[in-house]
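Notes for the one structure printed next.
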Amino acid sequence: MSDVVTLERQGDIAVVTVNNPPVNALGIAVREGLQNCFKAAEADPEVKAIVLVCEGMTFMAGADIKEFGKPPKSPSLPEVVAGIEAGNKPSVAVIHGTALGGGLEVAVSCHYRIARKDAKVGLPEVKLGLLPGAGGTQRLPRLVGVPKALDMIVSGNPIGAPEAFELGVVDKLIEGDLLSEGIAFAQQLLMDGKGARRTGERTDKLEGVDNAGAVAAKRAEIEKKMPGLFSPQRCVSAVEASFTLPLEEGLKRERELFGECLTSPQRGALVHAFFSERQASKVDDLPKDTPVREIKSAGVIGGGTMGVGIAICFANAGIPVKILEISSEARDKAIDRARDTYGMSVKRGSLTQDALEKRMGLISGVTDYADLGDVDVVVEAVFEEMGVKQKVFEALDANCKPGAILASNTSSLDLNKIAEFTKRPEDVVGLHFFSPANVMRLLEVVRGEKTSNEVLATAMAIGKKLKKVSVPVGVCDGFVGNRMVFQYGRESEFLLEEGATPAQVDGVLKKFGMAMGPFAMRDLSGLDIGLAIRTRQRQTLPAEYKLPTILDKMAEAGMLGQKTGKGFYVYEPGSRTPQENPDLPPILEAASKEQGVERQQLSDEYIIERTIYALINEGAKILEEGIAQRASDIDVIYLNGYGFPAHQGGPMFYADAVGVDRVYAKICEFHDKLGAWWKPAPLLEKLAKEGRKFADL
Ligand code: T1G
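When the letters of the sequence shown are read in order and numbered with my numbering, they come out as residues 0 to 696.
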């Protein structure tokens, strides 16, 4: 027997135990162990029933993702689950934690399932560019029906054990010891004379429902919501086989479709995104035993949208938080804003009224810095102006207890300068949230020159506690995300001067997979923000760094985006639907004329190269300056903060996919044609010349 799967007999019950930390992934050793143990239990005449249980934090959480792309090793998971289902002795899976992907497929190949009430079950393969490849697309519909199976498999989202019980995936909800509950359930089966109940043989849930209609509806939904993705439609085709083919044929069809997904480039990108997100939380030069300060309470300075969003993050994590505002009116407004924000979640059904009251109970308002004397961390979210930051940090320095973490939410100001406003620069760190802070998962953790290891480790721990994707970054203008998005936005505007329209540029980038085009994004955030940065840059940048003039012209014409009903697009009152702005063409033509540029038709490929390669070039500079630890960290920032499509892996992964040499050659061409902004990053040149990738760094 392998040591990750063991078999022991308790009376006439065989107990198969999996112990493969951290998530009992179904690597080859586990698959071999399961196959051998179930075979041995079947062959043992003393054994009347089999219980499958896992040690550690969770039931099996799926295939071992690290094995993807490597030569397959027998037994395959489909073979293992087929053997389990074929067994003649009743088998019981005892689920805790998260039975995901192959883990749930093993569970549904068992004849019965019991689960801890707080457990979750799901088939998230689609999030990795795959589909359930060990019978999940054939067996889950037999348990929950085709419509629900389609929802679960195409969304990839898990469901809680109570819902799984209602649906019939789970036969009993338990609260006690996993093994005892499993043995008791198996003994009850034997007492009741219940034997093997093979999921693959159950067809009642497939009958009397318009399965074909459900398939057609799901296909239409995918076409509308995720047109660029490769695996969702194949998930549907696999589920379709569950009611159009006998089980064996359906399983064969599933394997064919799984194979198509396994070799798709999207699988590589999505698996890269999965592991990169976990890697990003590791700070390479931080000693493993760095102490982490305990965070039992928090303070937020500023009760605007950002400040309230940050306060909600702490309350959601169960941490009491005080919002400081300059007056009692502003303080009360901030509390009302928090309540309204939660109220919208209650309206949407994603939060109960009880939970709202519980979380609001953790949020209070203060007007005096002295009231923050007891908190463990303070995050300031005040106006982006150094003078204002100075006043705030001097006050924090004078009032906060020794050891309190003093964090700035600044998105572009120099954190090192902010730290110097205090006598404790080692306790100052940047926590750059993305708006809306209580929704966006990304958190840039900005490490100042003097930020101590302990404060950095604690800041990363705060990010994890707030369920953020925390990425450590260095200090520079815009850190990583905004520094790169500036290049992308500027190039987008230059394209308008060269002949493109906002709709064309936005359309091409939406087709590439971006959540929003750059101009729709600018209209949403407000053109005045970009203009303020542009004005500052005009004063500081050398002359050879030309800037587009369209924003200035639009601002002069009062076109500031959605807030004025007119920007790159026009918006009907109360509507966010962008429509063509008839007053824009003259402004674009004037800008082209002023820049001496002949307007022309631009290709989609050229638009992608001018915008996405600008991200890549800046990302390479960020890496060589040490502002980001890894190329994959930059990908994580772009995937989680800027709507970059996960199925493209992130800007640096995309550069590797296109070919660093090809990207470098194109950037050299742009440098010759367009000047200083396109000076190739030396790292890009080095990689191109050495035939290496960003992934090789
Ligand atoms: N394979 C390998 N390593 C995995 C893994 C997996 N499936 N899941 C997690 N890890 C590692 C992870 O990289 C990290 O490593 C550590 O475990 C803790 O993870 C045939 C083909 C289970 C909800 O998609 O969703 O089955 O950084 O930090 O926040 O049809 O991990 O410590 O070195 O995320 O508590 C389907 C993916 C696979 C589940 C736990 N299964 N995992 O979250 O911990 S495809 C999944 C998760 C499949 C079959 C198909 C989460 C979690 P390190 P963590 P967590």
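The beta carbon of each residue, even a glycine, is placed where N, CA and C say it ideally should be.
Keep in mind it's a predicted model, so treat the numbers as computed, not measured.
Identify the continuous alpha helix (DSSP H) that holds residue i and give its terminal residues.
{"i": "K251", "result": "L246 to L261"}
{"i": "Q538", "result": "L526 to T539"}
{"i": "K332", "result": "S327 to R347"}
{"i": "V214", "result": "N210 to K224"}
{"i": "Q561", "result": "Looking at the DSSP string, Q561 is not in any alpha helix (DSSP H), and its letter there is neither H nor E."}
{"i": "E239", "result": "S230 to T243"}
Tell me whether residue i counts as near ligand 1, meaning its Cβ is closer than 6 Å to at least one heavy atom of that ligand.
{"i": "E259", "result": "no"}
{"i": "R277", "result": "yes"}
{"i": "V22", "result": "yes"}
{"i": "G462", "result": "no"}
{"i": "L361", "result": "no"}
{"i": "G68", "result": "no"}
{"i": "T548", "result": "no"}
{"i": "A514", "result": "no"}
{"i": "A62", "result": "yes"}
{"i": "G101", "result": "yes"}
{"i": "A114", "result": "no"}
{"i": "P123", "result": "yes"}
{"i": "K466", "result": "no"}
Beta-carbon within less than 7 Å of residue i's beta-carbon, same chain only, minus the 5 sequence neighbours each way: which residues are those?
{"i": "C667", "result": "P679"}
{"i": "N481", "result": "S410 and S411"}
{"i": "R661", "result": "none"}
{"i": "Q561", "result": "D522, L523, Y570 and R575"}
{"i": "L682", "result": "A619, L622 and E623"}
In three-state terms, what does DSSP make of residue i?
{"i": "L33", "result": "helix"}
{"i": "G306", "result": "helix"}
{"i": "Q186", "result": "helix"}
{"i": "A316", "result": "coil"}
{"i": "G267", "result": "helix"}
{"i": "P471", "result": "strand"}
{"i": "K321", "result": "strand"}
{"i": "H110", "result": "coil"}
{"i": "A519", "result": "helix"}
{"i": "A697", "result": "With the chain represented from 0 up to 696, any question about residue 697 goes unanswered, as that position is not in the structure."}
{"i": "I27", "result": "helix"}
{"i": "L172", "result": "strand"}
{"i": "S275", "result": "helix"}
{"i": "G298", "result": "strand"}
{"i": "T548", "result": "coil"}
{"i": "T97", "result": "strand"}
{"i": "I53", "result": "Reading off the sequence, residue 53 comes out as Cys, not Ile. Three-state DSSP puts C53 in a strand."}
{"i": "R482", "result": "helix"}
{"i": "Q578", "result": "strand"}
{"i": "I626", "result": "coil"}
Give the range of the beta strand (DSSP E) segment to which residue i is assigned.
{"i": "I606", "result": "Here I606 belongs to no beta strand (DSSP E); instead the alpha helix (DSSP H) covers D603 to E623."}
{"i": "A76", "result": "Here the sequence assigns Leu to residue 76, which means Ala is not the residue at that position. Here L76 belongs to no beta strand (DSSP E); instead the alpha helix (DSSP H) covers L76 to A85."}
{"i": "V374", "result": "Note, V374: premise wrong, no beta strand (DSSP E); not H, not E."}
{"i": "L6", "result": "V4 to Q9"}
{"i": "F783", "result": "Given that the chain is displayed from residue 0 to residue 696, the structure contains no residue 783 and the question cannot be resolved."}
{"i": "G364", "result": "I362 to V365"}
{"i": "E443", "result": "L441 to V445"}
Does residue i get closer than 7 Å to chain D when you measure Cβ to Cβ?
{"i": "Q600", "result": "In summary, chain D is missing from the structure at hand, where a single protein chain is found."}
Would you call the CB atoms of residue i and residue j closer than 7 Å?
{"i": "E492", "j": "I549", "result": "yes"}
{"i": "V504", "j": "L494", "result": "yes"}
{"i": "L405", "j": "G298", "result": "no"}
{"i": "V377", "j": "A627", "result": "no"}
{"i": "A183", "j": "L172", "result": "no"}
{"i": "G498", "j": "R609", "result": "no"}
{"i": "C260", "j": "G128", "result": "yes"}
{"i": "V4", "j": "L25", "result": "no"}
{"i": "Q647", "j": "G447", "result": "no"}
{"i": "K321", "j": "V365", "result": "yes"}
Quick one: residues in its chain with C-beta nearer than 8 Å to the C-beta of residue i, no 5 flanking neighbours on either side, listed in chain order?
{"i": "A556", "result": "D582 and I586"}
{"i": "E624", "result": "G473 and C475"}
{"i": "Q486", "result": "A613, L614, N616, E617 and W676"}
In chain order, what residues of the same chain lie with their CB nearer than 6 Å to the CB of residue i, ignoring the 5 residues before and after it?
{"i": "Q389", "result": "F420"}
{"i": "A185", "result": "I12, A48, V50 and V91"}
{"i": "N210", "result": "V145 and F242"}
{"i": "V345", "result": "Q352 and L355"}
{"i": "D551", "result": "none"}
Closer than 6 Å to a non-hydrogen atom of ligand 3 - does that hold for the CB of residue i?
{"i": "L441", "result": "Looking for ligand 3 in the displayed structure turns up nothing; the ligands present are ligand 1."}
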